[in-house]
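Undergrad: My questions will all concern the structure given below.
In full-length UniProt numbering, the protein residues as written are 1 to 201.
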């Protein structure tokens, strides 16, 4: 049986401070993690143990148990995470990208996984995107790749058009679609566009 690792008490580095990053901070709060926010400003971000500027990223990577990328993709942040950054992480670290694929050097990520420089990765976005069949990341057992929704966008739009008001594809008819916790609480309703607040402001 494969064993997991608890989040309790871990050191988490979050690159970015927009809506998605701040919602992640809220979700992590019950686990008592020590969260460090890395972005353009050193202005404290509520819910984080520390906030540092992006030029100090290398200082916090060696102690991080989890590194989460939730930043905007700009000319200055393209391939923000590469071979040097992965080499700075400890071998037990887990890397997560929920922002844009272009923020990460995919070849460097593959190498880090294969050599054991990091313990594992979970990527919601890739470069290129969608990730083509046969790409080395698909073969990495310690990497979870969330398939790009764009592959089935046309089918999804068609199903959405057929669904009536208050319905979603795959949800039985006459069953109202509601977010857990009511209209103002519950699931994260953020989009990648919200990441623009991370490094661009």
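Beta carbons: idealized from backbone N, C-alpha and C, even for Gly.
Remember, it's a predicted structure, so these values are computed and weren't measured experimentally.
Are the beta-carbon atoms of residue 39 and residue 16 separated by less than 8 Å?
TA: Result yes, Cβ atoms of residue 39 and residue 16 sit closer than 8 Å.
Undergrad: So for residue 153, helix, strand or coil by DSSP?
TA: Because the pLDDT at residue 153 is just 47, under 50, the model does not fix this residue reliably, and the value given afterwards should be weighed accordingly. If DSSP states are grouped into helix, strand and coil, residue 153 belongs with the helices.
Undergrad: Residues in its own chain within less than 7 Å of residue 27 by CB, not counting five upstream and five downstream?
TA: For residue 27, where only same-chain residues beyond five positions count, there are no Cβ hits under 7 Å.
Undergrad: Taking the alpha carbon of residue 33 as the point to measure from, which residue in 66, 73, 113 has its own alpha carbon closest?
TA: Nearest of 66, 73, 113 to residue 33, Cα basis: 66.
Undergrad: Can you give the Cα-Cα distance for residue 160 and residue 147, rounded to whole angstroms?
TA: Legend: pLDDT at residue 160 = 46, less than 50; position of this residue unreliable, value from coordinates given subsequently. Looking at the two C-alpha atoms, the distance is approximately 20 Å.
Undergrad: Expressed to the nearest angstrom, what Euclidean distance is found between the alpha-carbon atoms of residue 142 and residue 45?
TA: Cα-Cα distance, rounded: 31 Å.
Undergrad: Classify residue 101: buried if its beta carbon has 16 or more other beta carbons within 10 angstroms, exposed otherwise.
TA: Buried.
Undergrad: On the DSSP letters alone, give me the boundaries of the alpha helix (DSSP H) that residue 84 sits inside.
TA: Residues 83-88.
Undergrad: Would the segment 47-60 count as touching the segment 94-110 if we require 3 or more Cβ pairs under 8 Å?
TA: No: the two stretches stay apart, fewer than three of their Cβ pairs being nearer than 8 Å.
Undergrad: Whose CA, out of 13, 89, 83, lies closest to the CA of residue 119?
TA: Answer by Cα proximity: 89.
Undergrad: Buried or exposed: where does residue 85 fall if 16 or more other Cβ atoms within 10 Å of its Cβ makes it buried?
TA: By the 10 Å Cβ count, residue 85 comes out buried.
Undergrad: Looking at residue 11 and residue 63, is the spacing between their C-beta atoms short of 8 Å?
TA: Going by C-beta atoms, residue 63 is nearer than 8 Å to residue 11.
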